[in-house]
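Residue numbers (the working numbering): 169 to 454. For every residue, glycine included, the Cβ atom is placed at its ideal position computed from N, Cα and C. Bear in mind the structure is a predicted one, so any value in this text is a computation, not a measurement.
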């Protein structure tokens with residue numbers, strides 16, 4: 169999981185506090201036991217193969233749930249705890265910047281985040297709240313919308329200055345585009361669907377740089393490496409600070425959006441406080 173998150177063996181080994189050769193051997197043993205190639209090497213580091221992405225999607229929620237169960241057992245009879253299952257993008261770009269204010273508003277609560285590409289799969293006994301991207305036809309009872317899916321093309325101010333005169337979505341086809349490399353099962357907009365939304369049928373012919381997590385896609389855009397798709401509600405603070413700018417005024421929409429749900433049949437008072445704070449914070453005017 170950490171290798172996929174960082175895209176580098178060295179960074180994952182440091183977080184695990186083991187040697188890089190030791191981690192490399194563990195990955196080799198795992199691949200040999202499964203008779204699969206889980207990672208491929210790139211000039212930037214490593215990235216998941218299709219088989220590796222499928223395996224991660226299958227085991228990530230299960231590992232997170234086991235860790236959450238252990239944490240709950242270790243902290244029994246202590247401060248009330250709330251576990252929020254959420255995808256990587258919402259966790260890093262929306263929830264994390266607000267975490268200090270959230271903790272202050274709902275204390276005393278031990279708040280934990282379980283991040284995965286499919287947060288709804290972790291909606292088991294260990295999870296109190298689920299925040300996920302879903303379409304109107306997939307909504308379950310008790311889910312409340314936090315924000316609509318509204319997507320713009322964004323980049324750094326410096327990148328935009330190097331490419332003046334951009335006026336239409338078709339003008340982006342030949343520019344460096346940044347995107348996710350792992351499958352997104354919730355059917356977010358990708359570059360193909362974003363272009364199609366505006367009637368652009370030509371396939372992007374430019375250099376495509378892919379990453380395994382959306383927060384790294386955003387960081388690459390901030391660094392001036394290309395143009396990324398920016399979800400309003402997640403990147404608004406970066407737009408306000410001028411770290412990112414909209415390339416065009418065009419905004420692609422859909423019937424999807426982020427939803428929050430208290431998944432326990434009888435939510436705890438702590439879970440209700442966290443649920444209500446996130447809901448109010450998400451819908452209040454920027």
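- In this chain, the beta strand (DSSP E) harbouring residue 322 covers 312-323.
- DSSP places residue 280 outside any alpha helix (DSSP H); the residue lies instead in the beta strand (DSSP E), whose first and last residues are 278-283.
- Under the DSSP definition of a beta bridge, residue 249 partners with 278.
- A straight line joining the alpha-carbon of residue 323 with that of residue 433 spans about 43 Å.
- Residue range 359-365 is occupied by the alpha helix (DSSP H) that includes residue 363.
- Cβ-Cβ distances below 7 Å link residue 328 to 413, 415 in the same chain, with the five nearest sequence neighbours on each side left out; the list follows chain order.
- The beta carbon of residue 206 is closer than 8 Å to those of 195, 198, 199, 216, 217, 219, 220, 223 in its chain, skipping five residues each way along the sequence.
- The residue from 267, 401, 204 with its alpha-carbon nearest to that of residue 452 is 401.
- If the five residues before and after residue 383 are omitted, its C-beta is found closer than 7 Å to the C-beta atoms of 256, 257, 260, 261, all from its own chain and listed in chain order.
- For the pair residue 225 and residue 188, the CB atoms are not nearer than the 8 Å cut-off.
- By the CB criterion at 8 Å, residue 214 and residue 175 fall inside the cutoff.
- Following the DSSP letters along the chain, one finds residue 396 inside the beta strand (DSSP E) bounded by residues 396-399.
- A Cβ-Cβ separation of about 25 Å leaves residue 265 out of contact with residue 358 under the 8 Å criterion.
- For residue 378, same chain residues with a beta-carbon under 6 Å away, outside a window of 5 residues either side, are 347, 349 in chain order.
- In this structure, the CA atom of residue 336 is about 15 Å from the CA atom of residue 397.
- Boundaries of the alpha helix (DSSP H) around residue 193: 188-202.
- Judged by pairs of C-beta atoms under 8 Å, the stretch 385-394 does not touch the stretch 268-276, as fewer than three such pairs exist.
- According to DSSP, residue 382 shares a beta bridge with no other residue.
- Residue 380 sits buried, since 16 or more C-beta atoms from the chains shown fall within 10 Å of its C-beta.
- Going by C-alpha positions, residue 305 is about 20 Å away from residue 362.
- Straight-line spacing of the CA atoms in residue 178 and residue 251 works out to 30 Å.
- Linking residue 321 to residue 449 through their CA atoms gives a straight-line distance of about 25 Å.
- In the DSSP assignment, residue 209 falls within the unbroken beta strand (DSSP E) covering 207-210.
- Counted as a single uninterrupted DSSP element, the beta strand (DSSP E) harbouring residue 423 occupies residues 420-430.
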